């Protein structure tokens with residue numbers, strides 16, 4: 062397949078309708094396999110087309126090579142629906158070795174206990190940004206965590222910035238990040 066954008070490392074549309082292969086549409090061939098995916102495809106449930114229901118018993122591993130070139134910046138974009146679950150931690154994705162207390166991780170948590178979104182891309186001090194659900198700058202009449210929302214998680218070490226965007230609006234940001242993304246090369250990366 063042709064690589065559609067040299068800066069795009071992986072693109073999981075998650076719009077398959079059957080099977081256990083999760084296809085990468087970037088052209089790089091970073092397909093993934095999840096043995097229970099065939100039970101979780103929702104052909105009509107996606108934002109555009111189908112979707113994969115990643116509830117608390119499904120997730121999939123990305124090939125190690127996905128993060129082999131990460132250096133000074135990364136952007137992760139994802140459409141989520143029903144991502145907030147009261148009194149439950151929803152890990153959207155997680156990359157790194159050694160669990161939550163590891164020195165370097167890349168992860169997103171939608172925390173149903175504190176009603177916060179947490180984006181970590183590096184260490185656990187300067188490379189973390191949080192936003193409360195109530196601070197998300199969408200029109201209040203339209204904001205409901207159970208609807209479809211477009212999240213963008215960005216870290217730019219050249220600009221010393223880490224940010225969360227929701228539905229194209231800046232929800233949270235900080236400007237004092239450390240240069241730690243290089244420590245996330247070739248680490249295990251799981252979605253769901």
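Residue numbers (my numbering): 62 to 253. Ideal Cβ placement from N, Cα and C applies to all residues, glycine included. Note that the structure is predicted; figures quoted are calculated from it, not measured.
C-alpha of residue 90 to C-alpha of residue 69: approximately 12 Å in a straight line. Excluding five sequence positions before and after residue 78, the CB atoms of its chain that fall closer than 7 Å to its own CB belong to 102, 104, 111, given in chain order. Only residues of its own chain outside the window of five on either side were considered, and among them 83, 84, 85, 86, 93, 252 have a CB closer than 8 Å to the CB of residue 73, listed in chain order.
Taken atom to atom, the span from the alpha-carbon of residue 210 to that of residue 180 is near 16 Å.
The C-alpha of residue 183 lies about 31 Å from the C-alpha of residue 107. Boundaries of the beta strand (DSSP E) around residue 212: 210 to 217.
Fewer than three Cβ pairs drawn from the stretch 142 to 155 and the stretch 235 to 242 lie within less than 8 Å of each other, which leaves the two stretches out of contact. Residue 133 is classed as exposed because its beta carbon has fewer than 16 other beta carbons within 10 Å across all chains shown. Within the DSSP bridge table, the entry for residue 134 names 217 as partners.
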